[in-house]
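The sequence shown maps to residues 1 to 202 in the UniProt record's numbering. Every residue, glycine too, gets a C-beta built ideally from N, C-alpha and C. Data first, discussion second: the structure below is written as structure tokens.
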Amino acid sequence: MPQGQPSVVPDDGLTTRQRRNRPLVVVHTGVGKGKSTAAFGLALRAWNQGWPIGVFQFVKSAKWKVGEENALRVLGASGEGGTVDWHKMGEGWSWVQRGLQGDNSTNEEKAREGWEQVKRDLAAETYRLYVLDEFAYPMHWGWVDTDEVVSVLRDRPGTQHVVITGRTAPEQLVEFADLVTDMSKVKHPMDAGQKGQRGIEW
């Protein structure tokens with residue numbers, strides 16, 4: 001097991017073990033590809049540890065067949081690692097379509113309903129790892145109150161880890177989170193007119 005050494009040891013009264021096992025809030029943001037993919041990679045590690053996992057997919061269409069969904073569902077049902085529950089909150093909308101046309105009131109309502117479910121599960125300690133996929137967008141658009149999200153996450157009981165993905169993570173969330181990765185884009189096939197492909201994007 002890698003033995004990374006922290007650059008700072010805070011004077012917080014915690015033992016090394018207590019500090020090491022502290023539950024984390026992780027944010028994957030930025031315009032680069034791979035934010036959700038990285039979160040699902042964490043879910044694989046959590047599954048291997050036997051942790052119950054809750055995936056809450058906030059923006060991508062409920063009809064969108066995400067490759068990781070099938071894999072994690074199969075693993076969760078295998079009886080060898082943790083369990084996996086997958087919740088889809090969207091109704092066929094995406095960050096690309098948002099705000100460009102039509103009425104977003106239903107989408108906003110679904111996002112709020114999804115957050116209320118996450119709050120209930122956090123209070124009940126339903127999962128050890130929560131993947132809130134594309135949850136940065138409802139906060140960015142003002143559909144879900146960022147200050148409330150930070151407050152709920154700060155006060156969550158037990159040892160629940162939460163991973164939030166999405167391009168425009170609000171500054172309050174970034175400041176609060178324990179681990180933040182901003183994924184930048186250097187090059188992407190779409191820049192050369194190539195659409196997404198099987199096995200790469202889904």
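Option nearest residue i by Cα separation, candidates the options
i           : options                        : result
LEU132      : GLN172, ASP85, THR106, THR159  : ASP85
LEU144      : VAL163, GLU68, ALA123, ASN107  : The identity of residue 144 in the sequence shown is Val, whereas the question assumes Leu. VAL144 has its Cα closest to that of ASN107, out of VAL163, GLU68, ALA123, ASN107.
ARG19       : ARG112, ALA192, PHE56, THR159  : THR159
residue 219 : ARG154, GLY166, PHE135, ASP155 : Shown here, the chain extends from 1 to 202; a query on residue 219 therefore has no answer.
GLU201      : THR37, THR168, VAL27           : THR37
VAL27       : ASP191, VAL163, ARG112, VAL186 : VAL163
VAL74       : VAL59, GLU171, ARG120, ILE53   : ILE53
ARG198      : ARG156, VAL66, SER7            : VAL66
Strand pairing of residue i, partner residues [DSSP]
i      : result
THR181 : HIS28
LEU129 : ILE53, HIS161
HIS87  : PHE56
Residue i to residue j span [Cα, whole Å]
i      : j      : result
HIS188 : ASP12  : 43 Å
LYS110 : VAL118 : 12 Å
TRP47  : PRO10  : 31 Å
GLY34  : THR16  : 32 Å
GLY114 : ASP178 : 23 Å
VAL55  : PHE135 : 11 Å
GLY32  : THR168 : 11 Å
GLU116 : VAL149 : 10 Å
Element boundaries [alpha helix (DSSP H), containing residue i]
i      : result
HIS140 : 136-140
GLY114 : 105-124
LEU75  : 67-77
LYS35  : 35-48
SER151 : 146-154
LEU14  : No alpha helix (DSSP H) holds LEU14; DSSP gives it neither H nor E.
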